[in-house]
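Protein chains: 2
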Amino acid sequence: MQVIEKISDMQSYVRKCKLDGKTIGFVPTMGYLHEGHLSLVRIARKRCDILVVSIFVNPTQFGPGEDFDKYPRDFGRDKKLCEQENVDIIFAPSVEEMYPKDSVTYVDMAGEMTKVLCGKYRPGHFRGVMTVVSKLFNIVQPDIAVFGRKDGQQLAVIRRMVSDLNFPIEIIGGETVRESDGLAMSSRNKYLTEEQRKSAPALYKSLLLAKTMIENGETDSSKIVERMRDYISNSGDFKIQYIEIEDAGTLVPVDKIRNKVMIALAVFLGETRLIDNIVV
Amino acid sequence: MQVIEKISDMQSYVRKCKLDGKTIGFVPTMGYLHEGHLSLVRIARKRCDILVVSIFVNPTQFGPGEDFDKYPRDFGRDKKLCEQENVDIIFAPSVEEMYPKDSVTYVDMAGEMTKVLCGKYRPGHFRGVMTVVSKLFNIVQPDIAVFGRKDGQQLAVIRRMVSDLNFPIEIIGGETVRESDGLAMSSRNKYLTEEQRKSAPALYKSLLLAKTMIENGETDSSKIVERMRDYISNSGDFKIQYIEIEDAGTLVPVDKIRNKVMIALAVFLGETRLIDNIVV
Chain A
1 MQVIEKISDM QSYVRKCKLD GKTIGFVPTM GYLHEGHLSL VRIARKRCDI
51 LVVSIFVNPT QFGPGEDFDK YPRDFGRDKK LCEQENVDII FAPSVEEMYP
101 KDSVTYVDMA GEMTKVLCGK YRPGHFRGVM TVVSKLFNIV QPDIAVFGRK
151 DGQQLAVIRR MVSDLNFPIE IIGGETVRES DGLAMSSRNK YLTEEQRKSA
201 PALYKSLLLA KTMIENGETD SSKIVERMRD YISNSGDFKI QYIEIEDAGT
251 LVPVDKIRNK VMIALAVFLG ETRLIDNIVV
Chain B
1001 MQVIEKISDM QSYVRKCKLD GKTIGFVPTM GYLHEGHLSL VRIARKRCDI
1051 LVVSIFVNPT QFGPGEDFDK YPRDFGRDKK LCEQENVDII FAPSVEEMYP
1101 KDSVTYVDMA GEMTKVLCGK YRPGHFRGVM TVVSKLFNIV QPDIAVFGRK
1151 DGQQLAVIRR MVSDLNFPIE IIGGETVRES DGLAMSSRNK YLTEEQRKSA
1201 PALYKSLLLA KTMIENGETD SSKIVERMRD YISNSGDFKI QYIEIEDAGT
1251 LVPVDKIRNK VMIALAVFLG ETRLIDNIVV
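Those sequence lines, one after another, are chains A and B. Just so you know, we're using the working numbering here: the first sequence kicks off at 1 and counts up by one. Just so you know, we're using the working numbering here: the second sequence kicks off at 1001 and counts up by one.
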């Protein structure tokens, strides 16, 4: 395994791979890898010759007052984990390498998809995501790229972007990996106190509750959201940011459930913001 | 020579070329080809194995009330000219192929570069240009792409975008090709009446006037612009939109000339908007 820090080195390496007819798989991450990331790495590993994992905590997708500075980092551990998974290249650029001072171009989206759910509470977040992912795609030039379904809105936004801008890349969504009690794995779970950690599985349980209601014939989104809100509020020190039900493809909010929907939530547990979702 | 209309066909073709180790050169155009375009085609032809010319009148870079509908088109003639220049592929997609109804992603730029010069008078123009060029780059995946220096601001914006988004593409600027009397070649010259056509070379002459002033030691931009303004106003039925002197790299307006500058102008001759520039 090789660690590459320079964009030009990464692009030269890719050029050689392409000339050799090798396919490239890509898993972009912000590091502090957990089983969720590793499951994406394993999906990609099976589907390409050369596997690139990027580790880059992208400042432009954090808002003012968000946790960019304290976002957990442990490159040594990440490196070991990648080695165990037979990753070929870790691409780990510095912030200065990715964003020289005179850099001004961005990628963004008209319409509602980046304005609902997390987009409503994190203005500029998806512009940051789309821009950095576009850059990484142009640097790594993968044939396939794997993103986690836990960031459900991010996955939908990236699929939309790849289609709109004609990136020649297949996007694969990897299932959310959960702790044995149901909590979705996240680098931010590390922030939780012992007590918070104990109440955190209520989020997934509320999603399962919603699933059961839909399976039992409930089609009224507001009733489901209300039931989830009650359940979460009674399960610990939660401050709910949103609970929403949206069309799974377009992320347009749905009042009457007819097709595939994504039920998504964002909740503060103490200071820590957690998100989760399921598609039903 | 082959004409390709579908994005997926173009991408399959490119995939095969890459596997064969062939380099791809690209000249994006809006068609109605003239000697200016052909000079770009010849530059690209010398530097690649497979030469792709795109012909697409891009609606998103025209503002309301601009000349999208009446922009001159002659695909039969364009095809013949490309054949004569040994073009391998004409990529000529429809508007619906390039912009499906649900398409929402765009590429744009913060900062001043797209807000000065033409950007001031054509809001949204450079967003349209950046978005379509990003799409074309992802479709054609060229090693080199050639753009004309006549659209000097466009060239600067594209160079900035390619650098910021890390497109693995070398951008080459081709010299402006002029009629024997100095008028810069443009598909829009076709709009001119005989009389307008006769007065049109005054634009280039005013740029040469500015060049001479600078070579003779003049460093005050406002004096040069004033002299150009006088010259043009006395040479025909011109309405000046802008005459500006900017840093040739950053397009930041320059009051005192010290380094390489671009002297650029946009002028209405009757209904027809003409642009020209030189770098001194």
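Built from N, CA and C at the ideal position, the CB exists for glycine as well.
TODO: Can you give me the start and stop residues for the beta strand (DSSP E) that B/Gly-1148 sits inside?
DONE: Mapped onto the second sequence, residue 1148 of chain B falls at position 148. Looking at the DSSP string, the run of the beta strand (DSSP E) that includes B/Gly-1148 is 1144 to 1148.
Task: chain B residues whose Cβ lies nearer than 7 Å to that of A/Ser-103 - done: Your numbering for residue 103 of chain A matches position 103 in the first sequence. Those within 7 Å of A/Ser-103 in chain B are Asp-1164.
TODO: Identify every residue that forms a DSSP beta bridge with A/Thr-272.
DONE: Against the first sequence, residue 272 of chain A aligns to sequence position 272. DSSP output for A/Thr-272 lists A/Leu-269 as bridge partner(s).
Open item on the list: Excluding the 5 residues flanking B/Leu-1209 on each side, which residues of the same chain have their C-beta closer than 7 Å to its C-beta?
Closed with: The count along the second sequence starts at 1 and reaches residue 1209 of chain B at position 209. If we look at B/Leu-1209 and ignore the five residues flanking it on each side, its Cβ neighbours are Arg-1227, Met-1228, Tyr-1231.
- [ ] Select from A/Met-30, A/Arg-188, A/Thr-212, A/Tyr-71 the residue whose C-alpha is nearest the C-alpha of A/Val-129.
- [x] For this step, residue 129 of chain A is matched to residue 129 along the first sequence. Comparing Cα-Cα distances from A/Val-129 to each of A/Met-30, A/Arg-188, A/Thr-212, A/Tyr-71, the minimum goes to A/Met-30.
Open item on the list: I need the straight-line Cα distance from B/Lys-1080 to A/Met-109, nearest angstrom please.
Closed with: As a position in the second sequence, residue 1080 of chain B is number 80, starting the count at 1. As a position in the first sequence, residue 109 of chain A is number 109, starting the count at 1. The straight-line gap from Cα to Cα measures roughly 39 Å.
Open item on the list: For a quick check, are the C-beta atoms of A/Ala-156 and A/Leu-183 less than 8 Å apart?
Closed with: The residue given as residue 156 of chain A occupies position 156 in the first sequence. The residue given as residue 183 of chain A occupies position 183 in the first sequence. Not in contact: A/Ala-156 and A/Leu-183 (Cβ atoms no closer than 8 Å).
Open item on the list: By the 7 Å beta-carbon criterion, what residues does the stretch 1016 to 1035 of chain B contribute toward chain A?
Closed with: Lys-1018, Leu-1019, Gly-1021
Task: Pair within 8 Å by beta-carbon distance, A/Val-280 and A/Lys-205 - done: On the first sequence, position 280 is the one that residue 280 of chain A refers to. On the first sequence, position 205 is the one that residue 205 of chain A refers to. Cβ atoms of A/Val-280 and A/Lys-205: not closer than 8 Å.
Open item on the list: Using 8 Å for Cβ pairs, my map puts B/Tyr-1106 next to B/Arg-1127. What's the rounded Cβ distance?
Closed with: Translated into positions along the second sequence, residue 1106 of chain B becomes position 106. Translated into positions along the second sequence, residue 1127 of chain B becomes position 127. Between B/Arg-1127 and B/Tyr-1106 the Cβ distance is about 6 Å, and since that is below 8 Å, they are a contact.
- [ ] Determine, using beta carbons only, whether B/Val-1107 comes closer than 8 Å to chain A.
- [x] Taking the first residue of the second sequence as position 1, residue 1107 of chain B is located at position 107. Yes, contact with chain A.
TODO: Spell out whether any CB of chain A is found under 8 Å from the CB atom of B/Met-1213.
DONE: As a working note, residue 1213 of chain B is residue 213 in the second sequence. It does not: the Cβ of B/Met-1213 has no partner Cβ on chain A nearer than 8 Å.
Open item on the list: For A/Pro-28 and A/Val-133, which I take to be in contact (beta-carbon distance under 8 Å), what is that distance rounded to the nearest angstrom?
Closed with: Working through the first sequence from its first residue, we reach residue 28 of chain A at position 28. Working through the first sequence from its first residue, we reach residue 133 of chain A at position 133. With a Cβ gap of about 6 Å, A/Pro-28 and A/Val-133 count as contacting.
TODO: With B/Leu-1051 as the anchor, note down where its beta strand (DSSP E) starts and where it stops.
DONE: Within the second sequence, numbered from 1, the residue matching residue 1051 of chain B stands at position 51. Here the beta strand (DSSP E) through B/Leu-1051 covers 1050 to 1055.
Task: Unbroken stretches of the beta strand (DSSP E), 3 residues or longer, contained in the stretch 96 to 157 of chain A - done: 105 to 109, 144 to 148
Task: C-alpha gap between B/Val-1162 and A/Val-95, whole angstroms - done: Here residue 1162 of chain B refers to the residue found at position 162 of the second sequence. Here residue 95 of chain A refers to the residue found at position 95 of the first sequence. Cα to Cα, B/Val-1162 sits roughly 18 Å from A/Val-95.
Task: the stretch 34 to 41 of chain A contacting the stretch 1034 to 1047 of chain B, beta-carbon criterion three pairs below 8 Å - done: no
- [ ] Mark B/Leu-1165 as exposed unless 16 or more other C-beta atoms lie within 10 angstroms of its C-beta, in which case mark it buried.
- [x] As a first step, residue 1165 of chain B must be located in the second sequence, where it is residue number 165. Answer is buried; the Cβ neighbour count reaches 16.
Task: Member of B/Arg-1047, B/Glu-1218, B/Ile-1158, B/Thr-1114 whose CA lies at the smallest distance from the CA of B/Lys-1135 - done: Here residue 1135 of chain B refers to the residue found at position 135 of the second sequence. When only C-alpha atoms are compared, the closest one is B/Ile-1158.
Open item on the list: Please report whether the beta-carbon of A/Asn-138 lies at a distance below 8 Å from any beta-carbon of chain B.
Closed with: Looking up residue 138 of chain A in the first sequence gives position 138. Yes, contact with chain B.
Open item on the list: Given this structure, state the Cα-to-Cα distance separating B/Asp-1078 from B/Glu-1085, to the nearest angstrom.
Closed with: For this step, residue 1078 of chain B is matched to residue 78 along the second sequence. For this step, residue 1085 of chain B is matched to residue 85 along the second sequence. About 11 Å.
TODO: For B/Phe-1026, collect the residues of the same chain with a Cβ closer than 6 Å to its Cβ; drop the 5 residues on either side in sequence, then sort them by chain order.
DONE: Against the second sequence, residue 1026 of chain B aligns to sequence position 26. If we look at B/Phe-1026 and ignore the five residues flanking it on each side, its Cβ neighbours are Val-1052, Val-1140, Pro-1142, Ala-1145.
Open item on the list: Can you pull the chain A neighbours of B/Phe-1167, defined as C-beta to C-beta under 8 Å?
Closed with: Locating residue 1167 of chain B in the second sequence gives position 167, where the first residue counts as 1. Chain A residues near B/Phe-1167: Asn-138.
Task: A/Glu-226, DSSP secondary structure in three states - done: Counted from its first residue, the first sequence places residue 226 of chain A at position 226. Of the three classes helix, strand and coil, the one that applies to A/Glu-226 here is helix, per DSSP.
TODO: May I have the straight-line CA-CA distance separating B/Gln-1061 from B/Glu-1170, to the nearest angstrom?
DONE: Within the second sequence, numbered from 1, the residue matching residue 1061 of chain B stands at position 61. Within the second sequence, numbered from 1, the residue matching residue 1170 of chain B stands at position 170. The straight-line gap from Cα to Cα measures roughly 23 Å.
- [ ] Report the residue from A/Lys-256, A/Arg-188, A/Pro-253, A/Glu-218 whose alpha carbon sits nearest the alpha carbon of A/Val-267.
- [x] One-based indexing of the first sequence puts residue 267 of chain A at position 267. Among A/Lys-256, A/Arg-188, A/Pro-253, A/Glu-218, the Cα nearest to that of A/Val-267 is on A/Arg-188.
- [ ] Decide if B/Phe-1075 is buried, meaning its Cβ has at least 16 other Cβ atoms within 10 Å, or exposed.
- [x] If you number the second sequence from 1, residue 1075 of chain B lands on position 75. B/Phe-1075 comes out exposed.
- [ ] Look up B/Ile-1278 in the DSSP assignment and say whether it is helix, strand or coil.
- [x] Indexing the second sequence from 1 puts residue 1278 of chain B at position 278. Reduced to three states, the DSSP call for B/Ile-1278 is strand.
TODO: List the endpoints of the continuous beta strand (DSSP E) containing B/Asp-1247.
DONE: Residue 1247 of chain B sits at position 247 when you count from the first residue of the second sequence. First-last of the beta strand (DSSP E) with B/Asp-1247: 1238 to 1247.
Task: Distance, A/His-125 Cα to A/Met-185 Cα - done: Locating residue 185 of chain A in the first sequence gives position 185, where the first residue counts as 1. Locating residue 125 of chain A in the first sequence gives position 125, where the first residue counts as 1. Answer to the nearest angstrom: the Cα atoms are 21 Å apart.
Task: Reference B/Tyr-1242, options B/Ile-1257, B/Tyr-1191, B/Leu-1207, B/Phe-1167, closest by Cα - done: In the second sequence, counting from the first residue as 1, residue 1242 of chain B sits at position 242. With distances taken between Cα atoms, B/Tyr-1242 lies closest to B/Leu-1207.
Task: The alpha helix (DSSP H) enclosing A/Thr-250, as first and last residue numbers - done: For this step, residue 250 of chain A is matched to residue 250 along the first sequence. From DSSP, A/Thr-250 is part of no alpha helix (DSSP H); its letter is neither H nor E.
Open item on the list: Does A/Gln-153 pass the burial test, meaning 16 or more other C-beta atoms within 10 Å, or should it be called exposed?
Closed with: By 1-based counting over the first sequence, the position of residue 153 of chain A is 153. The residue is buried, with at least 16 neighbouring Cβ atoms inside 10 Å.
- [ ] Could you name the residues of the stretch 112 to 123 of chain A whose beta carbon sits closer than 8 Å to any beta carbon of chain B, in the order they occur along the chain?
- [x] Met-113
TODO: Would you check if the distance between the CB atom of A/Thr-176 and the CB atom of A/Lys-150 is smaller than 8 Å?
DONE: Within the first sequence, numbered from 1, the residue matching residue 176 of chain A stands at position 176. Within the first sequence, numbered from 1, the residue matching residue 150 of chain A stands at position 150. A contact, by the Cβ cut-off of 8 Å.
TODO: In angstroms with no decimal places, state the Cα-to-Cα distance between B/Asp-1181 and B/Asp-1276.
DONE: Within the second sequence, residue 1181 of chain B is the residue found at index 181, counting from 1. Within the second sequence, residue 1276 of chain B is the residue found at index 276, counting from 1. Roughly 14 Å separates the two Cα atoms.
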